[in-house]
Every structure is written in C-alpha cells, then in structure tokens.
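Beneath this line is the structure, given in structure tokens, with notes to follow.
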Amino acid sequence: MNIKLIAIGKTDNKNLQALIDEYIKRLGFYVKFDLDIIPDIKNVKNLSEAQQKEKEGELILFKINPTDHLILLDENGKEFSSVGFSDFLQKKMNAGIKTLVFVIGGPYGFSETVYKQAAGKVSLSQMTFSHQMVRLFIIEQIYRGFTILRNEPYHHQ
C-alpha cells in the first residue's frame, strides 16, 4: 500500500518542516509515502468562503486517482487512539487498497464535492491545530501506527 498526504499551502516554519521531513524519512522504512503540497490559492480576499472551498476542492480532486481511497482530516471525523489508528491502517492494507490518501483541507474545510468523494473522515482531536502542525501530527501518527503493527518500541502503553 502507498500512502499520500495532500495539504494546501507550504510550511513556513523551518523547524516544523525539519520534523516533518524526519518523520517522512522514518516512514520510508515501512511504506511508500508522498507529501503533495497544493500551493495557496491567490487572491483569496476576493473569494467567499464557499468559493475558496470550491477552488481548493478542484485542486484536491485533480490530485486524486479514481482508485485512491480518500480519507479527509476533518474535525467531525472519527477519533482514534494510536493503537486504534494502527488497526485502521492494518484494515486498509488487508482490504487491498493500493493508495490511501489523507487530505488536509484549507482554513474553511472541504467543498461538498470533496466530501462526496471521500471514503471516510478522521479527526486528530477536538482541539483546533494549525494546518502546518496537523501535517506533522498525521505523519507522526502514521509512523507510530506502523511501529505498533511491528511491535517496535517507539510506542509505549
């Protein structure tokens, strides 16, 4: 299985980017992982919230293949413990999914079109985090999930 993370906008903080890069490197021992950054939409001040979501949605869906299994990172999604998330990853691998795609939307979430394409939603927390930090958190949790599945000592219970 391949895993892909799609996010809108680059990470400005060099320290945060260094941590993201570190976990991407670690993930390479377990799975093929790609981080696909969609550039920020220009002139958002001239767009309504709905228009911004639509434009971002078009860009997101352009990056998705018909066979991809799309999971949205959404505040109304299912919450997991780290062990529960590792079980989620294992079930996706057992189902024969070729590419599992996680998506971090823009500041207003996702368009209805993107919601309709999604196979599910996952929430990292009931708290709100910056989109840049969410990238680190989901990549770290994917890494943690694989270490749990392999009974490696990274995760402590």
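For what it's worth, our numbering labels the leading residue of the sequence shown as 1, then goes sequentially.
Using N, Cα and C, we set each Cβ at its ideal position, and we do this for glycine too.
Check D87 in the structure and name its three-state DSSP category. As a working note, residue 87 is residue 87 in the sequence shown. Reduced to three states, the DSSP call for D87 is helix.
Let me know the secondary structure DSSP gives D21 once reduced to three states. Residue mapping note: residue 21 aligns to position 21 of the sequence shown, counting from 1. Three-state result, D21: helix.
V114 and L72 - do their beta-carbons sit closer together than 8 Å? Your numbering for residue 72 matches position 72 in the sequence shown. Your numbering for residue 114 matches position 114 in the sequence shown. For L72 and V114, yes; Cβs fall inside 8 Å.
Please say whether G77 and F110 have beta carbons closer to each other than 8 Å? Residue mapping note: residue 110 aligns to position 110 of the sequence shown, counting from 1. Residue mapping note: residue 77 aligns to position 77 of the sequence shown, counting from 1. For F110 and G77, no; Cβs fall outside 8 Å.
Whole-angstrom Cβ separation of M1 and K116, contact assumed at under 8 Å? Walking along the sequence shown from the start, residue 1 turns up at place 1. Walking along the sequence shown from the start, residue 116 turns up at place 116. Between K116 and M1 the Cβ distance is about 24 Å, and since that is not below 8 Å, they are no contact.
Since T113 is in the alpha helix (DSSP H), which residue starts that stretch and which ends it? For this step, residue 113 is matched to residue 113 along the sequence shown. Note, T113: alpha helix (DSSP H), E112 to Q117.
Residues of its chain near T99, where Cβ-Cβ distance is below 8 Å and the 5 sequence neighbours each way are ignored: The sequence position of residue 99 within the sequence shown is 99, counting from 1. Hits under 8 Å: M1, N2, I3, K4, N65, T67, D68 and H69.
E152 vs S123 beta-carbon contact at 8 Å: By one-based count along the sequence shown, residue 152 stands at place 152. By one-based count along the sequence shown, residue 123 stands at place 123. Not in contact: E152 and S123 (Cβ atoms no closer than 8 Å).
What's the call for T11, buried or exposed, on a 16-neighbour Cβ count within 10 Å? Here the question's residue 11 lines up with position 11 in the sequence shown. So T11 ends up on the buried side.
Starting from D68, follow its DSSP beta bridges and name the residues at the other end. Taking the first residue of the sequence shown as 1, we reach residue 68 at position 68. Bridge partners of D68: none, in fact.
Could you tell me the boundaries of the alpha helix (DSSP H) in which G57 lies? Taking the sequence shown and counting its residues from 1, the one referred to as residue 57 is at position 57. Here the alpha helix (DSSP H) through G57 covers E49 to F62.
Inter-residue CB distance, I38 and L59 (contact presumed, cutoff 8 Å): For the purposes of this step, residue 38 is taken as residue 38 along the sequence shown, with counting starting at 1. For the purposes of this step, residue 59 is taken as residue 59 along the sequence shown, with counting starting at 1. 5 Å between Cβ atoms; contact.
Would a C-beta distance cut-off of 8 Å place H155 and S82 closer than the cut-off? On the sequence shown, residue 155 is found 155 positions in, with the first residue counted as 1. On the sequence shown, residue 82 is found 82 positions in, with the first residue counted as 1. Cβ atoms of H155 and S82: closer than 8 Å.
Can K55 and I41 be called in contact, C-beta distance under 8 Å? What you label residue 55 is simply residue 55 of the sequence shown in a count that begins at 1. What you label residue 41 is simply residue 41 of the sequence shown in a count that begins at 1. Yes, these two residues count as a Cβ contact at 8 Å.
Are the CB atoms of R135 and A18 nearer to each other than 8 Å? Along the sequence shown, one-based indexing puts residue 135 at 135. Along the sequence shown, one-based indexing puts residue 18 at 18. No. Outside cutoff.
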